[in-house]
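In my numbering, the protein residues as written are 322 to 596.
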């Protein structure tokens, strides 16, 4: 268990979208954004870096992008752990065509073959470990309920996770947010145009006893540093820390920055953007 007076950091980064000029969809700005964020993380020298999926721009099509992404993560020089995102392995499972007819939703479903490539190139998942008295777990929640072999393995892993000794804090890493607006929101209908994006960007699993739930899909690369975790108080919420008011959204713009969360009070504070 950590010394209650000791301060340490871990960083959650997600949707880093490392691409390659070998792809017609290459966007240099995404690589530039991640290079800036990676430099900030390296300067922080956290104990851990958690990467919440979408390590690549189009890894499900261009497997070499995993090698490029892995190289940027290794260069930071701190231990890192990652889970997949839909840009790495395919999209959330659809059993019918959605309202957006410019894409074939069923053909874009995540596949077992794509999950195997991620494991080969990046590493095994799901995973769980403890560090300084905190349990960190990561899984690709979007495969739950499918017929993929990895979905059955996920069920077994979750059952096992429930048997492990409880820690005071448990941080669970997902890629898809658990909801878009509110935990009690109704199910979304992929065939309704007004529901399509909300269906695509979120899921609604059963609650779990986690006091923090970092997720992906922020729309642009962003990292958050959690500090003073040793002084944290567990939240009653299963989705987000207990806060008096949510932090304001990060403004759109050309500058990069960090959102720091002091786990001792579960309050978020904005740091000055740094180019």
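Glycine is no exception: its CB is placed at the ideal position from the N, C-alpha and C atoms.
Beta bridge counterpart(s) of residue i as assigned by DSSP
{"i": "residue 459", "result": "448 and 494"}
{"i": "residue 412", "result": "430"}
{"i": "residue 339", "result": "377"}
Sequence-distant residues of its chain with Cβ nearer than 6 Å to residue i (five each side left out)
{"i": "residue 558", "result": "Residue confidence for residue 558 is low, a pLDDT of 28 falling below 50, so the modelled location carries little weight and cannot support an answer."}
{"i": "residue 478", "result": "447"}
{"i": "residue 514", "result": "420"}
{"i": "residue 540", "result": "Caution applies to residue 540, whose pLDDT of 40 falls short of 50 and renders its modelled position unreliable; the model cannot decide the point."}
Residues of its chain near residue i, where Cβ-Cβ distance is below 8 Å and the 5 sequence neighbours each way are ignored
{"i": "residue 486", "result": "none"}
DSSP state of residue i mapped onto helix, strand, coil
{"i": "residue 402", "result": "strand"}
{"i": "residue 377", "result": "strand"}
{"i": "residue 476", "result": "helix"}
{"i": "residue 390", "result": "helix"}
{"i": "residue 382", "result": "coil"}
{"i": "residue 361", "result": "helix"}
{"i": "residue 348", "result": "coil"}
{"i": "residue 481", "result": "helix"}
{"i": "residue 407", "result": "helix"}
{"i": "residue 518", "result": "helix"}
{"i": "residue 504", "result": "coil"}
{"i": "residue 356", "result": "helix"}
{"i": "residue 464", "result": "helix"}
{"i": "residue 395", "result": "helix"}
{"i": "residue 435", "result": "helix"}
{"i": "residue 513", "result": "coil"}
{"i": "residue 486", "result": "coil"}
{"i": "residue 417", "result": "coil"}
{"i": "residue 453", "result": "coil"}
{"i": "residue 440", "result": "helix"}
Contact belief for residue i with residue j at Cβ below 8 Å, rounded distance in angstroms
{"i": "residue 447", "j": "residue 475", "result": "6 Å"}
{"i": "residue 374", "j": "residue 404", "result": "5 Å"}
{"i": "residue 517", "j": "residue 463", "result": "With 8 Å as the limit, residue 517 and residue 463 do not qualify as a contact, their Cβ atoms being about 16 Å apart."}
{"i": "residue 443", "j": "residue 391", "result": "6 Å"}
{"i": "residue 459", "j": "residue 394", "result": "Not really, about 14 Å apart at Cβ, beyond 8 Å."}
{"i": "residue 441", "j": "residue 469", "result": "16 Å between Cβ atoms; not a contact."}
{"i": "residue 449", "j": "residue 457", "result": "7 Å"}
{"i": "residue 428", "j": "residue 378", "result": "No, residue 428 and residue 378 are not in contact; Cβ-Cβ is about 19 Å, not under 8 Å."}
{"i": "residue 610", "j": "residue 452", "result": "Limits of the chain in this structure are 322 at one end and 596 at the other, which puts residue 610 out of reach."}
{"i": "residue 376", "j": "residue 406", "result": "7 Å"}
Cut-off 7 Å between Cβ atoms - residues of its own chain near residue i, not counting five sequence neighbours on either side
{"i": "residue 430", "result": "411, 412, 414 and 415"}
{"i": "residue 512", "result": "417, 419 and 420"}
{"i": "residue 380", "result": "386, 387, 408 and 409"}
{"i": "residue 367", "result": "330, 331, 332, 399 and 546"}
{"i": "residue 521", "result": "413"}
{"i": "residue 519", "result": "501 and 509"}
{"i": "residue 341", "result": "347, 383, 385, 386 and 389"}
{"i": "residue 466", "result": "472"}
{"i": "residue 363", "result": "397 and 398"}
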